[in-house]
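Data first, discussion second: the structure below is written as structure tokens.
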Amino acid sequence: MKKKIGIHWFRNDLRINDNPSLNYLSRNYDNILGVFIFDEINANPKLGSASKVWLNYSLEYLKKQLNGNLIVFKGEPKECLDELIHFFDAREISWNRCYEPWIIKRDKKLKIYLNEKIKVNSFNGSLLWEPWEILKNDKTPYKVFTPFYKRGCLSAANPRIPKSEKINFFDHNFRVTNISDLDLLENKMWENEILSQWRVGEDSSNEIMKSFFQNGVQNYSEGRNFPNKKNVSRLSPYLHWGQVSPNSIWYEVNSLKNLKHDDLEVFKSELGWREFAYYLLYHFPYIQRKNLKSNFDNFQWIDDSSSFKKWSQGLTGIPIVDAGMRELWQTGYMHNRPRMIVSSFLVKNLLIHWKRGEEWFWDCLFDADAASNSASWQWVAGTGTDSTPYFRIFNPVTQGQKFDPTGEYIRKYVPELKNLPIKFLFSPWECPNEILKNINLKLGKDYPHPIVDLKESRQRALSTYEQLRMNK
DNA sequence: AATTAATTTGT
DNA sequence: CAAATTAAT
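Start counting the first sequence at -18; every next residue gets the next number (my numbering).
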């Protein structure tokens, strides 16, 4: 007798544990097929370089978890799934939902098409609350984080409790596309460098979560601001790819004993910000490209490729900015504090369009996430709803002094400044020539002069943003 | 999730 | 005169 087969389509849920679609199938089918489709045809935007690297090794890991039985395709999902359903005579297919506009559009069509042949089901595998569940009393979406989170999310039904089941993956001999055939890897040297401090895969994400909850989450509400402290989870890439579910994190942190109230609430609210980003992208899908506040559409951004290039390379001459940008390039990640500093610098001091920064982050970040990335850039630029006010312009010198007081973060990523006394580490241009001579550091040669005057560019940003406010 | 300058308070 | 508070951006 033929075995009953259900297909699970892996997307941004590269895990076995707490996977609603897999759990569902395992209750109804003796055997499950796991399939991943690399869809470059519909993707918009296409995956960034760092994301491809992460995906490559994540798929290899997942394939091992499935005893080699992960089926990998490259191409149009409709055709790939057709072939698979036909070959295995599968009875049902299911997946966990994604919320990127291009995926919603693709999946909607696909669902209608597949429904003609077999049962199709989708589940919530990556959000604590789905966007349509949280609405104001007048049925319109929230636009401000605090009411969204407190009145919306926290007073709604509790998130699904994580659950892991034994999944029987079908042992097959279907033709296999090698993961290497997906051509996800391009630049070995850079890839080895950025991967060197990461361990990709579901089990690593669980270990990282557990060890963060044992140590780093203590004093989270304070310590999370300091890029040199171990008080951030660094779970964002795993969360993006679904190697850990937000539900697992939510309930795990809730179960901790001896965690200060503030640390718990602030940590959870960061998951809340992730929810808010997905929420905004769902309800306002154009925020990936266009200002959420349309009065910014005529804003006088400066198209300055030379400054942008220096920013992206970490050669602005402002140490904390360069440290952040180099952390990004070298590790595929940037701590949240420098993320805010470098983006404020690009958007306000340089007056370069947030979209250019968003695209650079998209290409370089392991945790590149359409929702969080666009929402965060618009937050910094002031073009989003509930974003930072136009006059909040980070001073990268005082930010450095406050949040990297020992200078360790700067010295780590901008080693040419390692001998600079702490007094001038945040503003080398103020360092007396005598000291520069002593440590053999030539500004303009070993390290650049600042590409903009902080005071002047701050004034320029204020007046440019002020104009916009007048014209409203 | 900020900065700066002006102003008041504290020792 | 430094530190804290406040107003304005």
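Beta carbons are placed, not taken as given, at the ideal position from N, Cα and C, and that holds for glycine.
With which residues is residue i paired in a DSSP beta bridge?
i	result
F405	In the DSSP output, where bridge partners are listed per residue, F405 has none listed.
N102	S75
W(-10)	V16, W76
L424	Y428
K55	F19
F463	Past the edges of the chain, shown from -18 to 453, lies residue 463, and the structure says nothing about it.
Return the chain-ordered list of same chain residues with a C-beta closer than 8 Å to the C-beta of residue i, the five sequence neighbours on each side being excluded.
i	result
W335	S324, L327, V328, W358, Q359, V361, A362, T364
M(-18)	Bear in mind that a pLDDT of 47 at M(-18), under 50, signals an unreliable position, so the model cannot answer this.
S456	Missing from the structure shown is residue 456; the chain here goes from -18 to 453 and no further.
D244	V198, Q199, N200, Y201, S202
Q440	none
E57	D20, I22, N23
Determine whether the beta carbon atoms of residue i and residue j lie at a separation below 8 Å.
i	j	result
L109	P227	yes
S355	E339	yes
S250	I148	no
W343	G15	no
I74	L95	yes
P218	D348	yes
Y314	R215	yes
M190	I230	yes
P409	L424	yes
P429	G253	no
C345	A31	yes
N(-7)	C79	yes
I289	R255	For clarity, residue 289 is Phe in the given sequence; the question names Ile instead. The answer is no: Cβ separation not under 8 Å.
Once you ignore the five residues that flank residue i on each side, which residues in its own chain have a CB closer than 6 Å to its CB?
i	result
G295	D303, M306, R307
N25	W83
N330	V433, S438
L(-5)	S39, L43, W222, G223, Q224
H316	P208
N(-2)	S145
R87	N23
K92	V101
Have a look at the options and flag the residue whose alpha-carbon is nearest the alpha-carbon of residue i.
i	options	result
E47	G182, K98, Y123	It is worth fixing the name first, because residue 47 is Leu in this sequence and not Glu. Ranking the options by Cα distance to L47, first place goes to G182.
K144	K(-15), V225, K238	V225
V157	K55, R87, M451, M315	K55
S107	T121, P122, W76	W76
N376	S353, M321, E397	M321
N154	D(-1), Y123, L51	L51
L401	Y390, L65, I416	I416
N0	F104, N414, K418, C61	F104
R270	Y232, A352, W310	A352
E111	D285, P140, P431, W171	P140
L309	E97, F405, N159, Y394	Y394
D63	D367, L176, R392, K98	K98
L65	K117, I160, N421, I18	I18
S161	I403, D427, K426, K33	K33
Going by beta carbon distance, what residues of the same chain come within less than 7 Å of residue i, once the five residues before and after it are set aside?
i	result
F407	P300, I301, V378, G381, Q382
F265	L273
I13	G(-13), H(-11), L3, L6, S7, I148, N149, F150, F151
N452	none
E174	Q311
Q178	T312
W35	V181, P218, W222, F347
D427	E397
N419	none
K27	E21
- Item | Cβ pair count under 8 Å reaching 3, the segment -16 to 4 against the segment 121 to 138 | No, the segment -16 to 4 does not touch the segment 121 to 138.
- Query: Does the segment 56 to 74 come within contact of the segment 199 to 207, defined as at least 3 CB pairs closer than 8 Å?
  - Reply: Counting Cβ pairs under 8 Å, fewer than three are found: no touch.
- Query: Are at least three pairs of beta-carbons, each pair with one atom in the segment 445 to 452 and one in the segment 368 to 381, less than 8 Å apart?
  - Reply: Under the three-pair Cβ rule at 8 Å, the segment 445 to 452 counts as touching the segment 368 to 381.
- Query: Is there contact here, the segment 188 to 205 with the segment 151 to 170, by at least three beta-carbon pairs under 8 Å?
  - Reply: The segment 188 to 205 is not in contact with the segment 151 to 170.
- With a cut-off of 8 Å, do at least 3 Cβ pairs link the segment 254 to 268 to the segment 280 to 287? The answer is no - the segment 280 to 287 does not touch the segment 254 to 268, with fewer than three Cβ pairs under 8 Å.
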